[in-house]
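S.K.:
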Amino acid sequence: MSAVRVRFAPSPTGTLHLGSALAAVANFLFARRAGGSVVLRIDDTDAARSRRALESVIRQDAEWLGLRFDEGPTDGGPYGPYRQSERQPLYREHAQRLLAAGQAYREDGTDAVHFRMPQRDVTVPDAARGDVRVPAGAVSDFVLLRSDGTATYSLATAVDDALMEVSHVIRGEDHLTNTARQLVLLDALELRAPRYAHTALLVGEDGTKLSKRHDAPSIAELRGAGYPSEALFNYLAQLACPAVGDEPALLGALAARFELSHLSRGPSRFDLGRLDWLSQEHLKRLNALELARRVGAVLELRGVAVHPAQLTALGPGLKGCHTLVEASEEAEAVVRAPRTTPRLEAGELDAVRLFAELRAGWPEPFLDLDDATQLIGDLKRRGAAASLTARQVQHGVRLALTGRDRGLQLPYVVAAVERDDALGRAAATVAAAA
Ligand code: GLU
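Residue numbers (the working numbering): -7 to 426.
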């Protein structure tokens, strides 16, 4: 049995989008399960549309998602170079062989080299679906070398998959006819073909194909919307291979349950509500410090200054949030003083005065959660003795500290607002009412 080698072959013509990410996750899980390796190969055969800068953007998006590569343009490896633009002589050599054998021909008038597609059905042995028949006529003769001598996707990919000893190619079913071309090409070249498996098409909630142009969110957009990478990875794994289960799971468990023979026959519907749910579940499972660290990173990007003690205090309180963006908005509402001074009714103002008195009695700049809980308990007792309701106490203090009438549970708020800051917010609220 030969070693499992898979490849992720993005075209650097745009950022990483969902369809490519789904295929990449499937390849990665399969390699992980088999202890195989993952090759990053840059499919830049379209020189006019390929951009070197996008190569690193795609790579960063993929790495953010949790993918790791064993070989590639920046990592090197024994099968390089890993950019197709740097492998042109190899492709020309193979095209020459096909020309010499009469399996390819030059188009009159141009110098383009075409492959002579045999007029017979092609059977694609698909590791997930069994044999898939691509009828003769579905694929006609196709270009191997353009008139400028550069190779097309079909030639470059067939040659590279063989020379890089790629054992398995997992990609979207929209590539089925490409697979038929590449199989026939490899057969003509007497090169060994990888095993192929096709994943179901990714469709939007309305059932139509998700495409780059058709509102499919990119990985970068989903990241910007605050979905933790574990949730998105988990969701893509579920879409590619439902056998990984419905429950929230991380890489190890997903790889253990990933089966090539159980790839989705789809179509796979991209459901944002489902991603939201997974996102919330993964955020709940993150340890509070890690959650705090990620929320801190989002706040930093937004230019919000936050003290580490505040993040520590808020971390456990943010676990119910759906996304990191929601979590950082909750955190920001506590960290920043209210922009406008809230208006409180008389009883609530009394509660704020009492709060300030009690908080002044604790010298620590930041209270821990237990102390903040104790302070609020004392406050409610003192408030009750002065005929204030628990609601007046809670609502008053929350409004004075955050300017909002809902948000994180009060102990987190009280723990995360520094002493002088808390006294200042309380004083401003009281002064505004005078
Ligand atoms: N660059 C192609 C794509 O992103 C690669 C397809 C393949 O896996 O061969 O669709």
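Positions of the beta carbon are idealized from the N, C-alpha and C atoms, including for glycine.
Along the chain, where does the beta strand (DSSP E) that runs through ASP118 open and close?
M.R.: Per DSSP, ASP118 belongs to the beta strand (DSSP E) from 114 to 118.
S.K.: Rounded to whole angstroms, what is the Cα-Cα separation between ASP263 and VAL287?
M.R.: In a straight line, the C-alpha of ASP263 is about 25 angstroms away from that of VAL287.
S.K.: Would ILE211 pass as a contact of ALA13 if the rule is Cβ separation under 8 angstroms?
M.R.: Yes.
S.K.: Would you check whether ligand 1 has a heavy atom nearer than 7 angstroms to the C-beta of ALA1?
M.R.: Under cutoff, so the answer is yes.
S.K.: Please identify the residue among TYR188, ARG60, SER271 and ALA232 whose C-alpha is closest to the C-alpha of ARG215.
M.R.: Considering only alpha carbons, the answer is SER271.
S.K.: Counting along the chain, where does the beta strand (DSSP E) carrying ARG41 start and finish?
M.R.: From DSSP, ARG41 is part of no beta strand (DSSP E); its letter is neither H nor E.
S.K.: Within 8 angstroms, do at least three Cβ pairs link the segment 69 to 84 to the segment 142 to 154?
M.R.: Result yes; three or more Cβ-Cβ pairs closer than 8 angstroms.
S.K.: Per DSSP, GLY122 forms a beta bridge with which residues?
M.R.: Its beta-bridge partners are ASP118.
S.K.: What did DSSP end up calling THR332 once you bin it into helix, strand or coil?
M.R.: If DSSP states are grouped into helix, strand and coil, THR332 belongs with coil.
S.K.: Report the residue from LEU283, HIS314, CYS313 and LEU10 whose alpha carbon sits nearest the alpha carbon of GLN302.
M.R.: Looking at the Cα atoms, LEU283 is the closest of the given residues.
S.K.: According to the neighbour-count rule (16 or more other Cβ atoms, all chains shown, within 10 Å of its Cβ), is THR332 buried or exposed?
M.R.: Classification of THR332: exposed, given that the 10 Å Cβ count is below 16.
S.K.: Where do the N-terminal and C-terminal ends of the beta strand (DSSP E) with SER86 fall, by residue?
M.R.: Residue 86 is actually His in this sequence, not Ser. Note, HIS86: premise wrong, no beta strand (DSSP E); alpha helix (DSSP H) at 80 to 92.
S.K.: Which same chain residues, not among the five before or five after LEU402, have their C-beta less than 7 angstroms away from its C-beta?
M.R.: Result list for LEU402: ILE368, GLN386, VAL389 and ARG390, in chain order.
S.K.: Taking 7 angstroms as the cut-off, is the C-beta of ARG44 nearer than that to any heavy atom in ligand 1?
M.R.: ARG44 Cβ: outside cutoff for every heavy atom of ligand 1.
S.K.: May I ask whether a heavy atom of ligand 1 can be found less than 7 angstroms away from the beta carbon of THR7?
M.R.: False, no ligand heavy atom lies under 7 angstroms from that Cβ.
S.K.: Evaluate the contact criterion for the segment 245 to 257 versus the segment 57 to 69: three or more CB pairs, one atom per stretch, below 8 angstroms.
M.R.: They do not touch, by the three-pair rule.
S.K.: Count the other CB atoms within 10 Å of the CB of ALA40; is the residue buried (16 or more) or exposed (fewer)?
M.R.: With fewer than 16 other Cβ atoms within 10 Å, it is exposed.
S.K.: Whole-angstrom Cβ separation of ALA408 and VAL326, contact assumed at under 8 angstroms?
M.R.: Their Cβ separation, rounded to whole angstroms, is 5 angstroms, which keeps ALA408 and VAL326 in contact under 8 angstroms.
S.K.: Identify which residue in THR394, GLU410, LEU10 and LEU380 has its Cα closest to the Cα of THR191.
M.R.: Of the candidates THR394, GLU410, LEU10 and LEU380, the one whose C-alpha sits nearest the C-alpha of THR191 is LEU10.
S.K.: Check each candidate in ALA18, ALA104, LEU8 and ALA217 and name the one with the smallest Cα separation from PRO234.
M.R.: The candidate whose alpha carbon is nearest that of PRO234 is ALA18.
S.K.: Please report the straight-line C-alpha distance between ARG383 and GLY27, rounded to a whole angstrom.
M.R.: Cα-Cα distance, rounded: 58 angstroms.
S.K.: For the candidate residues ALA423, ALA414 and PHE22, whose alpha-carbon lies nearest to that of PRO357?
M.R.: Out of ALA423, ALA414 and PHE22, ALA414 has the C-alpha closest to the C-alpha of PRO357.
S.K.: Taking Cβ positions, are SER132 and GLN174 nearer each other than 8 angstroms?
M.R.: The answer is no: Cβ separation not under 8 angstroms.
S.K.: Within its chain, find whatever has a CB closer than 6 angstroms to the CB of ASP268; leave out the 5 residues flanking it on each side and keep chain order.
M.R.: Hits under 6 angstroms: HIS314.
S.K.: By how many angstroms is the C-alpha of PHE134 removed from the C-alpha of GLU427?
M.R.: Outside the shown range of the chain (-7 to 426) lies residue 427, about which nothing can therefore be said.
S.K.: Within 10 Å of its beta-carbon, does ASP238 have 16 or more other beta-carbons around it, so buried, or fewer, so exposed?
M.R.: Flag for ASP238 reads exposed.
S.K.: How many angstroms separate the CA atom of VAL124 from the CA atom of ASP113?
M.R.: Taking the straight line from one Cα to the other gives about 10 angstroms.
S.K.: At a cut-off of 7 angstroms, would you count SER132 as near ligand 1, judging by its Cβ distance to the nearest heavy atom?
M.R.: Flag unset: Cβ of SER132 not near ligand 1.
S.K.: Based on Cα-Cα distance, which residue from GLU55, LEU32 and SER77 lies nearest to VAL158?
M.R.: When each option's Cα is compared against that of VAL158, the closest is LEU32.
S.K.: Examine ligand 1 and report whether any of its heavy atoms sits within less than 7 angstroms of the Cβ of HIS190.
M.R.: Result no, Cβ not under 7 angstroms from ligand 1.
S.K.: Within 7 angstroms: the Cβ of HIS299 and any heavy atom of ligand 1?
M.R.: No, ligand 1 has no heavy atom inside 7 angstroms of this Cβ.
S.K.: Can the beta-carbon of PRO334 be found less than 8 angstroms from the beta-carbon of THR421?
M.R.: For PRO334 and THR421, yes; Cβs fall inside 8 angstroms.
S.K.: Quick check on DSSP: helix, strand or coil for SER253?
M.R.: Three-state DSSP puts SER253 in a helix.
S.K.: Using the rule of at least 16 other Cβ atoms within 10 Å of the residue's Cβ for burial, across every protein chain shown, is PRO127 buried or exposed?
M.R.: Its Cβ having fewer than 16 others within 10 Å, PRO127 is exposed.
S.K.: May I have a chain-ordered list of the beta strand (DSSP E) segments no shorter than 3 residues that lie completely inside the segment 268 to 350?
M.R.: For the segment 268 to 350, not a single whole beta strand (DSSP E) run of length 3 or above is found.
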